[in-house]
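Notes for the one structure printed next.
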Amino acid sequence: MKDNYQKLKKILREMFQMDQADLDFGIYGIMNQKRAEVEQFLDHDLLPQVKEAFQEYSSLDRLKIEEKLSTLKQNLEDAGVNPEDSPKYQELMNELNNSVDMEALEQEVYSHLVSFFSRYYDDGDFLSRPRYKEGVYAIPYKGEEVKLHWA
Numbered sequence: 825m826k827d828n829y830q831k832l833k834k835i836l837r838e839m840f841q842m843d844q845a846d847l848d849f850g851i852y853g854i855m856n857q858k859r860a861e862v863e864q865f866l867d868h869d870l871l872p873q874v875k876e877a878f879q880e881y882s883s884l885d886r887l888k889i890e891e892k893l894s895t896l897k898q899n900l901e902d903a904g905v906n907p908e909d910s911p912k913y914q915e916l917m918n919e920l921n922n923s924v925d926m927e928a929l930e931q932e933v934y935s936h937l938v939s940f941f942s943r944y945y946d947d948g949d950f951l952s953r954p955r956y957k958e959g960v961y962a963i964p965y966k967g968e969e970v971k972l973h974w975a
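As structure tokens, this is what we get:
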């Protein structure tokens, strides 16, 4: 989880020009004044807010279900009963199969955010880059105002 989250923090720091304190005009002056608040948000407030938002999707923690399932299986095997025949075991297996893996879901969200921001932000410019498929640009673009391209 930390890898995609760190990538997101890195791209947000780059977008907000957090590493360039010498820029003190226009929007950069405002960002320099609010630098401490942005750093506080990125370092301490963002992750708890994301965790809180995901809490509604975790009906029962996956680890708790796995723990209950393993203890039930052990108890049934000790009693000489086939665990597959037990309705309680089947119910827990269904819950486990239907439960959401929160870690994977968070990874996916961070990954999509990183790909979104990297798609529209490059070297201090916000621009929309048309794509035919993942990772390929429709035309080569190097930041020119006018681009003439022959098909």
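All residue numbers for the sequence shown refer to my numbering, where the first residue is 825 and numbers rise by one. Using N, Cα and C, we set each Cβ at its ideal position, and we do this for glycine too.
Identify which residue in the options has its Cα closest to the Cα of residue i.
i: D812; options: E890, R859, M839; result: Since the displayed the chain opens at 825 and closes at 975, residue 812 lies outside it and no answer follows.
i: K888; options: K858, M917, M855, E968; result: M917
i: E890; options: E919, S910, Q873; result: E919
i: Y829; options: H936, E915, R859; result: H936
i: D827; options: G967, D949, L871, N906; result: L871
Buried or exposed: which applies to residue i, given that a residue is buried once 16 or more other Cβ atoms fall within 10 Å of its Cβ?
i: V970; result: exposed
i: Y881; result: exposed
i: V938; result: buried
i: N856; result: buried
Using the C-alpha atoms, what's the distance from residue j back to residue i?
i: I851; j: V933; result: 28 Å
i: A903; j: K912; result: 15 Å
i: F865; j: E908; result: 49 Å
i: K966; j: I835; result: 20 Å
i: V874; j: Q931; result: 11 Å
i: D867; j: E901; result: 48 Å
For residue i and residue j, which I take to be in contact (beta-carbon distance under 8 Å), what is that distance rounded to the nearest angstrom?
i: R886; j: S923; result: 5 Å
So, do the segment 924-931 and the segment 893-903 have three or more beta carbon pairs nearer to each other than 8 Å? no
Any contact between the segment 934-945 and the segment 827-839? By contact I mean 3 or more CB pairs, one from each, below 8 Å. yes
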